[in-house]
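Participant: So the protein sequences, as listed, match chains A and B. At position 284 of the first sequence (counting the first as 1) the number is 284 in my numbering, and the numbers step up by one without a gap. At position 26 of the second sequence (counting the first as 1) the number is 1026 in my numbering, and the numbers step up by one without a gap.
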Amino acid sequence: MVRALGMDYAEFERTPIAFDYEAMMSAHGYSLDDIVGIQTAGGVGHTPLLELKNLTDLVRSMSAPGMGARIFVKDEAANMAGSFKDRRASVSIHAAKAKGYAGVITATSGNYGAAVSSQAARNNLKCIICQEAFDSRHVGQPEIIEKSRICEAFGAEVVQMTVGPELFSHMLELLDETGYFAASLYSSFGVSGIETLGLEIAEEMLSVTGEYPTAVVITHAGGGNTTGTARGLKRGGATETQIVSASVDLSGLHMASDDDFNRKSFTTGHTGFGVPFATWPDRADVPRNAARSLRYMDRYLTVTQGEVFYVTEAMCKLEGLERGPSGNTAMTAALSLARELPRDATVVVQETEYTGAGKHHWAQLNFAKEQGVEVRAGDPRENKPGTTIVIPERPEQIQAVDFDIAHMRASYVRNVLKHAPEGYEPTPEDVAFLAADTNTDEATVNDTIARLRKA
Amino acid sequence: MSDARHCTAGEWVEVERVLLEPADRASNLPPETANKPLLTWVKGFAQSEADLGEDLTVETMTGRRVTGQLSAINPGYFHTFGRPIPELTHVGADLRARLDAYRAGGE
Chain A
1 MVRALGMDYA EFERTPIAFD YEAMMSAHGY SLDDIVGIQT AGGVGHTPLL
51 ELKNLTDLVR SMSAPGMGAR IFVKDEAANM AGSFKDRRAS VSIHAAKAKG
101 YAGVITATSG NYGAAVSSQA ARNNLKCIIC QEAFDSRHVG QPEIIEKSRI
151 CEAFGAEVVQ MTVGPELFSH MLELLDETGY FAASLYSSFG VSGIETLGLE
201 IAEEMLSVTG EYPTAVVITH AGGGNTTGTA RGLKRGGATE TQIVSASVDL
251 SGLHMASDDD FNRKSFTTGH TGFGVPFATW PDRADVPRNA ARSLRYMDRY
301 LTVTQGEVFY VTEAMCKLEG LERGPSGNTA MTAALSLARE LPRDATVVVQ
351 ETEYTGAGKH HWAQLNFAKE QGVEVRAGDP RENKPGTTIV IPERPEQIQA
401 VDFDIAHMRA SYVRNVLKHA PEGYEPTPED VAFLAADTNT DEATVNDTIA
451 RLRKA
Chain B
1001 MSDARHCTAG EWVEVERVLL EPADRASNLP PETANKPLLT WVKGFAQSEA
1051 DLGEDLTVET MTGRRVTGQL SAINPGYFHT FGRPIPELTH VGADLRARLD
1101 AYRAGGE
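(1) Where DSSP assigns a beta bridge to A/K126, which residues make up the other side?
(2) Taking A/L197 as the reference, which of A/T106, A/T387 and A/R231 has the closest Cα?
(3) Does DSSP classify B/M1001 as helix, strand or coil?
(4) Any beta carbon of chain B sitting closer than 8 angstroms to that of A/D176?
(5) Here's the rule: buried if 16 or more other CB atoms are within 10 angstroms of the residue's CB, otherwise exposed. What is B/A965?
(6) Establish whether the CB of B/L1052 and some CB of chain A are separated by less than 8 angstroms.
(7) Within 10 Å of its beta-carbon, does B/P1022 have 16 or more other beta-carbons around it, so buried, or fewer, so exposed?
(8) Within 10 angstroms of the Cβ of A/K418, are there 16 or more other Cβ atoms? Answer buried if so, exposed if not.
(9) By the criterion of Cβ-Cβ separation under 8 angstroms, what are the contact partners of A/Q160 in chain B?
(10) Compare the Cα-Cα distances from A/S148 to each of A/F273, A/G110 and A/L167 and report the closest residue.
(11) Between B/T1033 and chain A, is the shortest Cβ-Cβ distance under 8 angstroms, so that the two count as touching?
(12) Please list the partners that A/H270 has in chain B, where partner means a Cβ-to-Cβ separation under 9 angstroms.
(13) Please name the residue in A/I17, A/E200 and A/T312 whose C-alpha comes closest to that of A/R235.
(14) Does the Cβ of B/D1003 have 16 or more other Cβ atoms within 10 Å, making it buried, or fewer, making it exposed?
(15) Helix, strand or coil for A/H270, going by three-state DSSP, please let me know.
(16) Exposed or buried, which one is A/D402 when buried takes at least 16 other CB atoms within 10 Å?
(17) Please list the partners that A/G37 has in chain B, where partner means a Cβ-to-Cβ separation under 8 angstroms.
(18) Please check if any C-beta of chain A sits within less than 8 angstroms of the C-beta of B/A1097.
(19) Going straight from the alpha carbon of B/L1029 to that of A/S257, what length do you get?
(20) Under the assumption that A/A178 contacts A/G103 (Cβ atoms under 8 angstroms), give the Cβ distance between them as a whole number of angstroms.
(21) May I have the straight-line CA-CA distance separating A/Q364 from A/Q141, to the nearest angstrom?
(22) If the criterion is Cβ atoms closer than 8 angstroms, does the pair A/S83 and A/E351 meet it?
(23) Classify A/D437 as buried or exposed, calling it buried when 16 or more other Cβ atoms lie within 10 Å of its own Cβ.
(24) Going by beta carbon distance, what residues of the same chain come within less than 7 angstroms of A/G358, once the five residues before and after it are set aside?
(25) Per DSSP, which residues does A/S245 bridge with? Please list them.
(26) Answer with buried or exposed for A/Y300, where buried requires no fewer than 16 other C-beta atoms within 10 angstroms of its C-beta.
(27) For the alpha helix (DSSP H) containing A/T196, name the first residue and the last one.
(28) What does A/G378 pair with, by DSSP beta-bridge criteria?
(29) Tell me which residue opens and which closes the alpha helix (DSSP H) that A/L305 is part of.
(30) Do we get a CB-CB distance below 8 angstroms when we pair A/Y30 with the residues of chain B?
(31) Under a CB-based cut-off of 8 angstroms, is B/F1081 close to chain A?
(32) Please work out which residues of its chain come closer than 6 angstroms, Cβ to Cβ, to B/A1034, disregarding the five sequence neighbours upstream and downstream, and give them in chain order.
(33) Which residue from A/Q39, A/T162 and A/H407 puts its Cα closest to that of A/L452?
(34) Please work out which residues of its chain come closer than 6 angstroms, Cβ to Cβ, to A/C130, disregarding the five sequence neighbours upstream and downstream, and give them in chain order.
(35) Would you verify that the beta carbon of B/L1056 is, or is not, closer than 8 angstroms to some beta carbon of chain A?
(36) Can the beta-carbon of A/A69 be found less than 8 angstroms from the beta-carbon of A/L341?
Here's what the structure looks like:
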């Protein structure tokens, strides 16, 4: 992996628990200005910031007097390959090219594959995308089939696989076979590339409204989107902006299940990635994950499948904005959040993604019905992932739910202790690291450790 | 999908292969996954002629040579949008009416 990443992670390790996160993040040597330059040359970034006045008034029509924040969206679908993932890919591909690799490999069934394929094509690099695409019947969600297509359209070799975490060991075999660069979603190259998104939001909101945003809502899966955007906001001066992560609730579905694979109706932005990656980020395909969402997250909201499909339709009809459903997860949470905030507050949804055949809320719902999932109108509280998708009957029914972030922080500390050598006692340096990694303080971490020891 | 059952050398095709038999799979999988082989499909240019299901080597877009069983010849993409979703068709009109009423209320 050292060869495939062009970086030795051992130099950042401090103890069996702690490592120097900021040293790892800056080790690639690119400044934020360098990254803006790389992305501008690559056709990435500088996407439109749109104020959604109709959705804002819709929220105000159902809010208490004086409430209902202004809603904005960063239209990331305007990037080269149709999503914010272009920001993530561009820095990795630039580094791979600069270091003299002949090609790049990544494992993703999402927009990141399109982003890597597109940037690789522009940079004359060969490209292999490993996708978990099908169940054992060779049936796949239309959204993933579309992503296979777009990667092949950009000239990538797509290795489609059935369900299972062994995809990552196959990716390692391919890295060995080819000597290509590992364009991991979780490297510092990728996550640094997202910082420009936070930076643009800070600067553009300051210019448009005279203030930094009250809250930025971020569709959350592996944690890179939350991490990169939050870091960029801070670097742009928006240190007080609330960082709100949002995922589709897929509780009850097993991510490695051949049966559940085609009953998720979402390919990303869901709790099936969001919770495990937040509570144990170093499960990723790099020794230390650059995406560490608990460092930055102030709130974590979940929404239901039916609510997101409803909001995707509402965006089309009220804002003339037809975009892919997974990327609208944060928009759904934002409509709920904006009701709690005063009218002079601002909420920015920081991404959209491209849409098209397959990658569309109608396609995903028609496919769900074919898989035997019930789709009906009603109270979204009755939504049951994999069994019933309940489309709200009225917008008032859209109500994001707060996930217990204190519990997630404790889970993370438990996972860290579990992965430390047996009998290892955390040092003060470890406690300081865990406090930073959970966005808490040393007393909270010590309390958590004491509670875990007692349990 | 093409109806052809036989490819000639140089055609764009897909091969299927078993990466892991059930016995060789990861240890922590749910049973419905653990009892199935891990399969993979790769597309490339056929290096010889073959019938569907026969062993064939392809050269992929990166120049790799992969051998598997011929599973499709010039495979296409047939994903669509499908029909409008009845539970969503009213949303646009409902929300427009709601906005109009709100704005008529002088807000």
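Note that CB positions come from ideal geometry on N, CA and C, so glycine has one too. Keep in mind it's a predicted model, so treat the numbers as computed, not measured.
Facilitator: Let me spell this out:
(1) A/G103
(2) A/R231
(3) Here B/M1001 scores only 47 on pLDDT, less than 50, and its place in the model should not be relied on; the value that follows carries that caveat. Of the three classes helix, strand and coil, the one that applies to B/M1001 here is coil, per DSSP.
(4) no
(5) Because chain B in this structure spans residues 1001 to 1107, residue 965 of chain B falls outside the shown range and cannot be described.
(6) no
(7) exposed
(8) exposed
(9) T1040, W1041 and V1042
(10) A/G110
(11) yes
(12) What A/H270 touches in chain B: nothing, since even the nearest Cβ is about 18 angstroms away.
(13) A/E200
(14) exposed
(15) strand
(16) exposed
(17) Near A/G37 there are no residues of chain B at all, since even the closest Cβ is about 29 angstroms away, more than 8 angstroms.
(18) no
(19) 8 angstroms
(20) Rather than Ala, the amino acid found at residue 178 of chain A in this sequence is Thr. With 8 angstroms as the limit, A/T178 and A/G103 qualify as a contact, their Cβ atoms being about 6 angstroms apart.
(21) 7 angstroms
(22) yes
(23) buried
(24) P142, E143, I145 and E146
(25) A/I218 and A/Y300
(26) buried
(27) S188 to T209
(28) A/P392
(29) Checking the sequence, you will find Gln at residue 305 of chain A rather than Leu. Where A/Q305 is concerned, the enclosing alpha helix (DSSP H) stretches over Q305 to E319.
(30) no
(31) yes
(32) R1025
(33) A/H407
(34) A107, V159, L167 and M171
(35) no
(36) yes
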